[in-house]
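A short write-up of the structure that comes next.
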Amino acid sequence: MSSTSPAEGPGSDAVPGTGDWTAQTGWMIAFLTLISTFNYLDRSLLGLLLPLIKADLQLSDTALGLISGLAFALFYSILSLPIANLADRYNRRNIITIGFTCWSLMTAVSGYVVNGIQMAFCRFLMGAGEAAGLAPSQSMIADSFTRDRRPLALAIFPTASAIDAVFLLPLAAWIAEIYGWRVAFHLAGYAGLALAVLFYFTVREPGRQRTQAAPAQKKATLREAAVVLWRIPAFRAIIAGVSFMGGALYATGTWTTALLTRVHGLTVTEVGVYVTPARGLIGIAGIIATGWIADRLGRRDDRWRYRVPAIASFILVPAYAAFFLADAPALWIGGMALTAALYSAFQGPIFAATIALSPDHMKTVAVAINIFFTGLLGQIFGPLIVGALNDALTPIYGDHAIRYSMMAVALCCLLGGLCFLWAGRLAERERRG
-15 MSSTSPAEGP
-5 GSDAVPGTGD
5 WTAQTGWMIA
15 FLTLISTFNY
25 LDRSLLGLLL
35 PLIKADLQLS
45 DTALGLISGL
55 AFALFYSILS
65 LPIANLADRY
75 NRRNIITIGF
85 TCWSLMTAVS
95 GYVVNGIQMA
105 FCRFLMGAGE
115 AAGLAPSQSM
125 IADSFTRDRR
135 PLALAIFPTA
145 SAIDAVFLLP
155 LAAWIAEIYG
165 WRVAFHLAGY
175 AGLALAVLFY
185 FTVREPGRQR
195 TQAAPAQKKA
205 TLREAAVVLW
215 RIPAFRAIIA
225 GVSFMGGALY
235 ATGTWTTALL
245 TRVHGLTVTE
255 VGVYVTPARG
265 LIGIAGIIAT
275 GWIADRLGRR
285 DDRWRYRVPA
295 IASFILVPAY
305 AAFFLADAPA
315 LWIGGMALTA
325 ALYSAFQGPI
335 FAATIALSPD
345 HMKTVAVAIN
355 IFFTGLLGQI
365 FGPLIVGALN
375 DALTPIYGDH
385 AIRYSMMAVA
395 LCCLLGGLCF
405 LWAGRLAERE
415 RRG
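Mind the numbering: the sequence shown is residues -15 to 417 in the numbering used here, read in order.
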């Protein structure tokens, strides 16, 4: 049962949740998913339009890897923790609104840059805004549903990346082809600013949930929450797993368009209008199916909440190998389709497992620590390592160097799956005492 925390902070309009699906919770999840869709759009535009931006700004692959990874992830990762701590104390709807406004503004400004330094500066501030998006959104969703219904609700939210791929990225590619890459950034940013206003006036803050056995607890400081959470062995294993999977996720998002254009001869428009929506549709099915399976099996045995994302990660290893290395269309297209279904499917079950492991008054911080390591390690090292390997291997393999550099993604998936399995064993050991 939900109960409203008396300390929602200044300007709170928190309302008790029913723990079940209602028109209010449905609208909230739909809008939060839409905001997350723009979150993915704004950060993915650089990867989608990378060949055009590379040619216009005359940047190397290593520089692009730094801009797409380090420049974005530095503020995103560092600020995600203090913002999540604020979200455990104050109105999360307001925090998300401010962040959405900030990153949308920086997206629009990115369309005016004339060199790599200016683009990096915009990515810094974009990351600062997006730090206010994911953890508070996950917390709002978690407080709106019971523990049994939470995994499916949290699995719907990550479909934002697939929705972005189906609808927004193809539109952005089409706009960039006709009007240039700068206009695509302008339109994405200004649309986000309008939606931020609508979100503020139509979505209400849900009440905070507490377990019946746990009375209202004093809000923990960021340091106190981090210390408590880090002492949980299963939590540490999850963090290792999402760090590896983050590297795979962000390297793929940054360099897939470049792989398809350099190796298979597709244009940016073809990738954006045909390949990206197809991957998105497959991704929606994969994310929801994985969340549903983890939800159903997890009710019988909690270990399945870890096994399902681990199995999905293991399947990605041969799928990525086929996508990157095969020349036969049936093999590389089949591998690409399978990776589209599973590359982000781990997120819903793992976020649900993270929240379930965490004390009631530290859930937002727990998600933020998860995001911190995914961003700090995944976003910084994933795109950068592939970009640096591209530049190192290009003298030997030419344009095909990228297919060997991208094999680092498959290795990350293998290591991530092993970490998730280990987290499940540690969590079970903790439950048994």
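Glycine is no exception: its CB is placed at the ideal position from the N, C-alpha and C atoms.
What does a CB cutoff of less than 8 angstroms around residue i pick up in its chain, not counting 5 residues either side in sequence?
| i | result |
| --- | --- |
| alanine 210 | Leu65, Val349, Ile353 |
| valine 167 | Gly95, Ile159, Ala160 |
| leucine 243 | Phe308, Ile386, Arg387, Met390 |
| glutamine 278 | The question names glutamine, but residue 278 is alanine in the sequence shown. Pro135, Ala139, Trp288, Arg289, Val292, Pro293, Gly332, Pro333, Ala336, listed in sequence order. |
In this structure, does DSSP put residue i in helix, strand or coil?
| i | result |
| --- | --- |
| proline 190 | strand |
| phenylalanine 129 | strand |
| tryptophan 239 | helix |
| methionine 103 | helix |
| asparagine 75 | coil |
| tyrosine 96 | coil |
| tryptophan 5 | coil |
| arginine 387 | helix |
| arginine 287 | coil |
| tyrosine 248 | It is histidine, not tyrosine, that sits at residue 248 in the sequence shown. DSSP places histidine 248 in coil when its eight states are reduced to three. |
| alanine 116 | coil |
| serine 328 | coil |
| arginine 215 | coil |
| leucine 34 | helix |
Rounding to the nearest angstrom, what Cα-Cα distance links residue i and residue j in this structure?
| i | j | result |
| --- | --- | --- |
| threonine 358 | leucine 152 | 24 angstroms |
| alanine 178 | isoleucine 101 | 28 angstroms |
| glutamate 161 | leucine 171 | 14 angstroms |
| glycine 437 | proline 313 | Outside the displayed span of the chain (-15 to 417) sits residue 437, for which this structure offers no information. |
| proline 199 | isoleucine 223 | With a pLDDT of only 47 at proline 199, under 50, the local geometry of the prediction cannot be trusted, and the value read off the model is given with reservation. Looking at the two C-alpha atoms, the distance is approximately 28 angstroms. |
| alanine 7 | leucine 43 | 48 angstroms |
| leucine 16 | alanine 180 | 11 angstroms |
| isoleucine 123 | phenylalanine 56 | According to the sequence displayed, residue 123 carries serine and not isoleucine. Approximately 23 angstroms, taken between the alpha carbons. |
| alanine 14 | glycine 282 | 25 angstroms |
| serine 52 | glycine 191 | 36 angstroms |
| arginine 240 | glycine 31 | Note on identity: in this sequence residue 240 is threonine, with arginine being the wrong assignment. Answer to the nearest angstrom: the Cα atoms are 8 angstroms apart. |
| alanine 303 | tyrosine 327 | 10 angstroms |
| arginine 416 | leucine 410 | 10 angstroms |
| glycine 83 | isoleucine 62 | 14 angstroms |
| glycine 318 | alanine 68 | 39 angstroms |
| isoleucine 299 | alanine 273 | 15 angstroms |
| arginine 418 | asparagine 78 | With the chain covering only -15 through 417, there is no way to say anything about residue 418. |
| alanine 175 | tryptophan 406 | 43 angstroms |
| threonine 195 | glycine 408 | Note that threonine 195 scores a pLDDT of 48, beneath 50, so its modelled location is shaky and nothing firm can be said. |
| glycine -5 | isoleucine 125 | For glycine -5, the predicted structure reports a pLDDT of 39, less than 50, and the residue's modelled location is therefore unreliable. A value from the coordinates is still provided. Their Cα atoms are separated by approximately 20 angstroms. |
| proline 35 | leucine 29 | 11 angstroms |
| arginine 246 | glycine 382 | 9 angstroms |
Closer than 7 angstroms by C-beta to residue i: which residues in its own chain qualify, once you throw out the five before and the five after it? Chain order, please.
| i | result |
| --- | --- |
| cysteine 106 | Met90, Val93, Ser94, Val97 |
| alanine 385 | Asn374, Leu377, Thr378 |
| isoleucine 355 | Ser64, Leu118, Ala119 |
| alanine 218 | Leu341, Ala407, Leu410, Ala411, Glu414 |
| alanine 269 | Ala325 |
| lysine 38 | Leu48 |
Within the same chain, show all residues whose beta-carbon is closer than 6 angstroms to that of residue i, passing over the 5 residues directly before and after it, in chain order.
| i | result |
| --- | --- |
| leucine 433 | Past the boundaries of the shown model lies residue 433; the chain is included only from -15 to 417, so the question cannot be answered. |
| phenylalanine 404 | Gly225, Tyr290, Pro293, Ala294 |
| proline 367 | Gly49, Ser52, Gly53, Tyr234, Ala235, Thr238 |
Provide the residue span of the alpha helix (DSSP H) that contains residue i, from first to last.
| i | result |
| --- | --- |
| glutamine 42 | It is not in any alpha helix (DSSP H) - glutamine 42 carries neither H nor E in the DSSP assignment. |
| tryptophan 158 | 153 to 163 |
| threonine 274 | 260 to 284 |
| isoleucine 364 | 364 to 381 |
| alanine 312 | Taken as a continuous stretch (DSSP letters only), alanine 312 belongs to no alpha helix (DSSP H), as it is neither H nor E. |
| phenylalanine 335 | 331 to 341 |
| threonine 419 | This structure does not reach residue 419, given that the chain is present from -15 up to 417, and the question cannot be answered. |
| threonine 348 | 347 to 357 |
Taking only heavy atoms of the ligand ATP into account, decide whether any of them is closer than 7 angstroms to the Cβ of residue i.
| i | result |
| --- | --- |
| methionine 391 | Ligands displayed in this structure: none; no statement on the ligand ATP is therefore possible. |
Measuring CB atoms only, is the stretch 326 to 342 touching the stretch 209 to 225, in the sense that at least three cross pairs come out at less than 8 angstroms? Between the stretch 326 to 342 and the stretch 209 to 225, the count of C-beta pairs closer than 8 angstroms reaches three or more; the two stretches touch.
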